[in-house]
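One structure is given here, and the rest of the page talks about it.
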Amino acid sequence: MAQALGEELVPSSELQDDSSSLGSDSELSGPGPYRQADRYGFIGSSSAEAGSGHPPVDLIRQREMKWVEMTSHWEKTMARRYKKVKIQCRKGIPSSLRARCWPLLCGAQVCQKNSPGTYQELVASPGDPQWMETIGRDLHRQFPLHEMFVSPQGHGQQGLLEVLKAYTLYRPEQGYCQAQGPVAAVLLMHLPPESCSSDPRPREAFWCLVQICEVYLPGYYGPHMEAVQLDADVFMALLRRLLPRVHKHLQQVGVGPLLYLPEWFLCLFTRSLPFPTVLRIWDTFLSEGAKVLFRVGLTLMRLALGTAEQRAACPGLLETLGALRAIPAGQLQEETFMSQVHSVALSERDLQREIRVQLAQLPKSSPGPAPQPQTRLSGAQAIFESQQLAGVRGGTKPEIPRIVVQPPEEPRPPRRKPQTRGKTFHGLLTRARGPPIEGAPRSHRGSTSFLDTRF
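In the working numbering, the protein residues as written are 953 to 1407.
Here it is in structure tokens:
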């Protein structure tokens, strides 16, 4: 790697943590003055802009032990203690355990277990030439200054090519969307090839991508992207309710949601925010679902245009869009930013109610298929319950209780009418009365204890 770059890289023991690593768009301007890789693998990052640092080592170890304990008994944890999982995701999953936790949260591990040979078959199959050409043109654009993707022949770009090609074969009706590139690249950074498998290819990254495209954000990456327009309308409605002055300003300068929201939501903010903050957003997004994306978007709007001075400095469309891209780095540091995200007054119930309102207002003659927000699951708990239910239905069928009907007894010859003269009242009650009743005889019929109880 060092020879390919023409300069020596700083040994890993001397690397300084950098909490200001940027995503794809910020990297396109070229490397920094120093060829130094930060703890996330980005080359040329400036450690001089490091943020407030990360938690103490003791706290990191404590969180790692909690995650090891939860993931060791994952089904029990999700069934009984999901609130703890949610809290720990908001605090941030330790970097050493994201490869273990992300597939569990999004349900990719269950998908891989249920379809063990699917990915190998997809990788071995020839891809559609049209999609392969488009994917090949986009490979070098995904995090070009990351160690994993800096070389066209490196395992990063080759793994990205395999994952994206496999998805086009897995869902040929959807094909390839450019926004899938940065999403798959982040997954490959944290889900390395399976060293214990005979086929060391990034299968977990593929199944995580499938879950994100089909469970968390269905309708986002297809040819029509009908869900994006619906969520854009939902976002504007939430903005009008929670930040009315910002909403009014955007309308006055003509900034519609489709000018910024697709880049935020489709790429899961990988092109818009510092990389440590992106990882924290992903931790919470995989736990709580699309609600997190709306909270992050509302937080960015408030930070960029929340004050009257900020809005006055943006008299037009270009200035407003520039303000959304020029939020001070100090306000985007992971701890500070995520605490504001979690404080946004938007619950899952609020989001679903607004989706229903906007869905009812869609014109009946709108082109393309109608969005189906009901297919979107609200996070890890809903995915876990859905997979558990599917496992019960797909497993061995429960034994259906059999109802045994006794055949009717052959008719007995008629009895002579008994003589009751001189008989006791008890004897009168215990004599046989008529033909036997069909079915199993009741155990108390004609018993002395039953008579004693009633009389």
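By construction, the Cβ of each residue, glycine as well, lies at the ideal position given by its N, Cα and C atoms.
Closest option to E1287, judged by alpha-carbon separation, among M1253, T1236 and Q1105: T1236.
One alpha carbon belongs to Q1283, the other to T1259, and they sit about 15 Å apart. Cβ-Cβ distances below 7 Å link A1264 to nothing in the same chain once the five nearest sequence neighbours on each side are left out. In chain order, L1269 and T1272 place their CB closer than 6 Å to the CB of V1207, counting only its own chain and leaving out the 5 sequence neighbours on each side. In the structure shown, I995 adopts extended strand secondary structure according to DSSP, grouped into three states.
In this structure, D1185 keeps its C-beta atom at 8 Å or more from the C-beta atom of Q1339.
Burial check for K1117: the Cβ neighbour count within 10 Å reaches 16 or more, so the residue is buried.
With contacts defined by Cβ atoms closer than 8 Å, P1170 and A1179 form a contacting pair. For the options A1312, M1188, L1011 and L1238, the alpha carbon positioned closest to that of C1165 is the one of L1238. Judged by DSSP secondary structure, F1221 falls outside any alpha helix (DSSP H); it is assigned neither H nor E. Two segments are said to touch when three or more pairs of C-beta atoms, one from each, lie closer than 8 Å; by this definition the stretch 1219-1232 touches the stretch 1126-1146. No residue range can be given for G1241, since it is assigned to no alpha helix (DSSP H) and is classified by DSSP as neither H nor E. Contact between the stretch 1109-1116 and the stretch 1090-1100 is present: three or more C-beta pairs spanning the two stretches fall below 8 Å. Separation of C1058 and P1226 (C-alpha to C-alpha, rounded to the nearest whole angstrom) is 23 Å. In the DSSP assignment, Q1110 falls within the unbroken alpha helix (DSSP H) covering H1107 to Y1122. Bounds of the alpha helix (DSSP H) holding H1294 are E1286 to H1294. DSSP, read as helix, strand or coil, puts H1025 in coil. Scanning its chain for C-beta atoms nearer than 7 Å, with the 5 sequence neighbours on each side dropped, one finds around P1214 the residues V1180, in chain order.
Using a Cβ distance threshold of 8 Å, E1021 and V1075 do not count as a contacting pair. Sequence-distant Cβ neighbours of A1332 in its own chain, meaning closer than 6 Å and more than five residues away, are L1057 and S1239. Among the bridge pairs identified by DSSP, H1098 is matched with F994. In chain order, G1268, L1269 and T1272 place their CB closer than 6 Å to the CB of V1205, counting only its own chain and leaving out the 5 sequence neighbours on each side.
Burial state of I1335 is buried, judged by a 10 Å Cβ sphere holding 16 or more other Cβ atoms. In terms of CA proximity to A1189, F1246 leads the group F1246, E1337, R1123 and P1124. Contact check for A1060 against Q1163 passes: the beta carbons are separated by less than 8 Å. Out of E1261, Q1262 and A1256, the CA that lies nearest to the CA of L1276 is found in A1256. Taking C-beta atoms as the reference points, C1160 and W1054 count as a pair closer than 8 Å.
L1191 is a Cβ neighbour of L1250, given a cutoff of 8 Å. Under the three-state reduction of DSSP output, A1297 falls in the coil class, being neither helix nor strand. In the displayed model, A1265 falls within coil according to three-state DSSP, outside both helix and strand.
For C1129, the closest of P1175, V1102, H1294 and L1210 by C-alpha to C-alpha distance is P1175.
DSSP places A989 within a strand segment (E or B) once states are collapsed to three.
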